[in-house]
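Chains as they are written, first to last, in our numbering: chain X, 4 to 208; chain G, 854 to 1157; chain B, 753 to 1290.
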């Protein structure tokens, strides 16, 4: 789920670049200096995690993990996603260099929100954490999908149907993301509870 | 719909067109995925990260070009190209980009990989836009007879414009990122005003992708050797959740050690820079050439 | 418990370089890792730090560099506490090398990595250029300076990390397990480099033979307490006390004659028992049809590197076979081919059945593998789930799963660990858990890739005991000749993808006594081959 080059009108391209630059700057300010290199290394981990393919009937989808990034990195999540998308576009051509701003907005803001909702929703106990994680993961993906649809629609009235279809096509992805986030949180809860208790993160300001 | 020019198309012709289109896609998929052989190749493909900028031979003028000017020039070319609105001009842009790739002499396989990465997203436009584009006065419509579907030629043109533009820009990534080592390119970006923090983080993230990729591959093998096969079921998702969790834990532990190693070598919050740039007149000339061409295309585009 | 002994080396006139005053330390929520450490290290000291896994060696090393300084007033460097300004200055003089070289190589080219330190020290570009050139030449990596670290082999990365630290011209060098996972050739390169190092050297290792080469003083830690502080010769001379610290290496010296046997005979005999007389096994093996048969087997990596070159190999049921060779000789590639991860050209017959593309995917049921790094095969939240993972994939009934998990954990002495988190266990326990999770699938062959790397001698001993009790065909990949001689009857030496010779492990070690003790790092591949050919002149 990335918007490639050449789709968005120039006004949206430049506007989203401006917004995501501001958000990235905010993200850098919110990250303690010593956590900047750590965030960079975590970005590579999420990059590799997003290469995991989940079979879905005859095809397969790759993970996006905006929810987990938000939960693990808190305010640093936007920066991490911005960097991750930059690397994805130059290495794989997933997304594109000109649509980097739009893609960062699409994934980054939902991630920030997921980090926030996870903190609000989590209660004592493993089940509560899993549910909070699954909800945040699902929500982040749903919002990212919605953002994708809206950005597509911004390209003109001809694109309304494409936007709707893109949203519909991603419904199973939302479910998968929610479940995977829940499972990962369950694993982390058992194995390294410190990651979740000192949340939003080890890397928090 | 009243003013739209309507053409009625035979159902057989429609099927033929669809068949040709799918053959085209199948061909691309085949080229990209089946070179390393069948299912095994596909499994490997999922754990593959191509390298950029490792090619240190200086075989074209792109390699000698001042990195700052190269980035500024090619990026503005890309932005200008993305403003084109006519399919024919987008096609010209595509050909110009292809020319740039040929001049840069970067490996063809990487270009192919870039193209295939976009197929999924772009085919959505090709398949849907002709049917979903809003019918405006002057649109040419083709009705496919047994159905009440209308194939809007303007929609097809719109989709093709997008595909050509996307391909033109994606192709330019090859001369942009594969003709100098990545650290040099990123340093160039830093000189152009991208914050140093972002640049250094991008480089570090790039370095550790390959470390974690190695770990992930090994873990994947470890799972397969104990009989794990991915299916569409809950158990698979649970195991993959563990997998992601394990990957994250290992990387958080590593962040700690890497940071300590950096501190031990005197890291104080900034990375030292040591690349020097020098732009010659030729570099500047080249620097104006690409945006110039793009502007020319845009000009023709608006007159068209 | 014996007395805490402090040797005569402590009494010195000059001011110590490092002085630690009753330092205690715990990680967040954890138990005390260091207790009341009192230590002085003098200029020019060459200090070895030994001790079992988890005895606090690495934690102590990190304090010496100020990376952990919860209590800075207790650590003095050059007479001043390691804080603030002094700490920043000191870091340029104290080099620290971690175990994993990837932690040190965080830039995208070797040049940048090595230049990082000198540039931070404020050297100019030209100076740095010279320093980097010099440092890379020293470790023999100058031609690779523009490469990224992920394009290098493990040994090269290790040397690159060392170069990055040497480039800062440290006066003190702290090394954490510098020889783990390296082959004998790479180890001897590291030894040469360290012998030429002039300053103060502090080295953590389990490899006492390695420590003996480069250090004079030894510090033995146990559960965060300094138990010994004396010369390295005194340490080597007292096997009884070593055993108490889990540092016993006598099961190694037992096979190299009388050199290091200082009256601990009963123990040595006990250790020799598990390995059955090789002749008997060979006969047993020959009466069976071969279990694994490779004919003209080759494998070439997608990038064109030859992994395996025309391998012919027969392994009988019940045999224990060792694969020897330098890093990159193709041992792991061979292991991967045997498990069916890689499919090469040539014929591979397993248990009378020719392995094709189709049944290659089910080979996992019969061939189990223990990876070098346990982290690569342990991915479940509890030990029970870890062992049950493969069984669940085989869709066995619940009761059978319970029974097998229980048996497997029992076999590796991990009963009671069912609900423990694998990630929190020690290296030795994790290795044993990995065996349990593979053995419970009842494979016919068990392949072990460098199983003892990073284990302390006590862990090694336990591991050896467990695998010698297994009634299963075993293939052992190791650099450790002693370990191989103890456990295997037959060895195959590999070089550049080819199996260059095959011989009994007894011949490998059959040489003069003096040499054998140092065999750990002084035997290179050529010598081994020579020996091999002497015994099998064909």
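Just so you know, even glycine gets a beta-carbon here, dropped at the ideal spot from N, CA and C.
query	result
Starting from residue 190/X, find everything on chain B with Cβ-Cβ shorter than 8 Å and list it in chain order.	1133
Output needed for residue 1030/G: all residues of its chain with C-beta closer than 7 Å, excluding positions within five of it in sequence on either side, in chain order.	905, 906 and 1038
What is the rounded straight-line gap between the Cα of residue 34/X and the Cα of residue 1036/G?	24 Å
Answer with buried or exposed for residue 990/G, where buried requires no fewer than 16 other C-beta atoms within 10 angstroms of its C-beta.	exposed
Go ahead and pull the three-state DSSP assignment for residue 1111/B.	helix
Got a sec: is the Cβ-Cβ distance from residue 1166/B to anything in chain X below 8 Å?	no
Tell me which residues share the same chain as residue 1044/G and place their Cβ nearer than 7 Å to its Cβ, disregarding the 5 neighbours each side in the sequence.	921 and 1130
Identify the contact partners of residue 978/G in chain X, using a Cβ-Cβ distance below 7 Å as the criterion.	165
Judging by CA-CA distance, which residue of 1066/B, 856/B and 1110/B is the nearest neighbour of residue 1253/B?	1066/B
Near residue 1072/G, which residues of its chain fall below 8 Å by C-beta distance, leaving aside the five closest residues on each side in sequence?	1096, 1099 and 1100
Please list the partners that residue 1110/G has in chain B, where partner means a Cβ-to-Cβ separation under 8 Å.	850, 852 and 855
Should residue 770/B be flagged as near chain G, meaning a C-beta pair shorter than 8 Å?	no
Excluding sequence positions up to five away, which residues of its chain have a Cβ less than 8 Å from the Cβ of residue 162/X?	155 and 156
Would DSSP call residue 789/B helix, strand or coil?	strand
Taking the runs of the alpha helix (DSSP H) that are 4 residues or longer, which of them lie wholly in the stretch 1186-1243 of chain B?	1209-1221 and 1233-1239
Are any of the Cβ atoms in chain X nearer than 8 Å to that of residue 1139/B?	no
Could you tell me the boundaries of the beta strand (DSSP E) in which residue 113/X lies?	Looking at the DSSP string, residue 113/X is not in any beta strand (DSSP E); the run it does join, the alpha helix (DSSP H), is 103-124.
Cα-Cα, which of 41/X, 93/X and 165/X is closest to residue 1024/G?	93/X
Rounded to a whole number of angstroms, what is the C-alpha to C-alpha distance between residue 1014/B and residue 1180/B?	Residue confidence is low: residue 1014/B scores 38 on pLDDT, short of 50, so the model does not pin down where it sits. Its coordinate-derived value is still stated next. Using only the alpha carbons, I get a separation of about 27 Å.
Count the CB pairs spanning the stretch 814-824 of chain B and the stretch 771-783 of chain B that are closer than 8 Å, and state whether there are at least three.	yes
Once the 5 residues before and after residue 109/X are set aside, which same chain residues still bring their CB inside 6 Å of it?	147, 150 and 151
Would residue 199/X pass as an interface residue toward chain G - the criterion being a Cβ-Cβ separation below 8 Å?	no
Checking 8 Å against the spacing of the C-beta atoms, do residue 902/G and residue 1066/G come in under that value?	yes
Keeping to the same chain, check which residues put their C-beta closer than 7 Å to that of residue 1106/B; ignore five residues upstream and five downstream.	1099
Inspect the beta-carbon positions of residue 922/B and residue 846/B and report whether they are closer than 8 Å.	yes
Which residues, in order along the stretch 1165-1192 of chain B, keep a beta-carbon less than 9 Å from a beta-carbon of chain X?	1173, 1174, 1175 and 1176
Beta-carbon separation of residue 1081/B and residue 1200/B under 8 Å?	no
Going by CA-CA distance only, name the one from 857/B, 878/B, 929/B and 930/B that's closest to residue 899/B.	857/B
Strictly under 8 Å for the Cβ-Cβ distance: is residue 1014/B near chain X by that measure?	Confidence at residue 1014/B is low in this model, with a pLDDT of 38, below 50, so its placement is unreliable and the value that follows should be read with caution. So, not an interface residue.
Taking just the CA atoms, how far does residue 874/B sit from residue 125/X?	48 Å
At which residues does the beta strand (DSSP E) containing residue 798/B begin and terminate?	798-803
Assign residue 1110/G to one of three DSSP states: helix, strand, or coil.	helix
Hey, quick one: how far does the beta strand (DSSP E) through residue 770/B stretch, first residue to last?	770-778
Let's test the definition: count the other Cβ atoms within 10 Å of the Cβ of residue 948/B and tell me whether it reaches 16, buried, or not, exposed.	exposed
For residue 984/G, which residues in the same chain have their Cβ closer than 8 Å to its Cβ, ignoring the five residues on either side in sequence?	1002, 1003, 1004, 1005 and 1008
What does residue 903/G reach in chain X if we use C-beta pairs closer than 8 Å?	94 and 95
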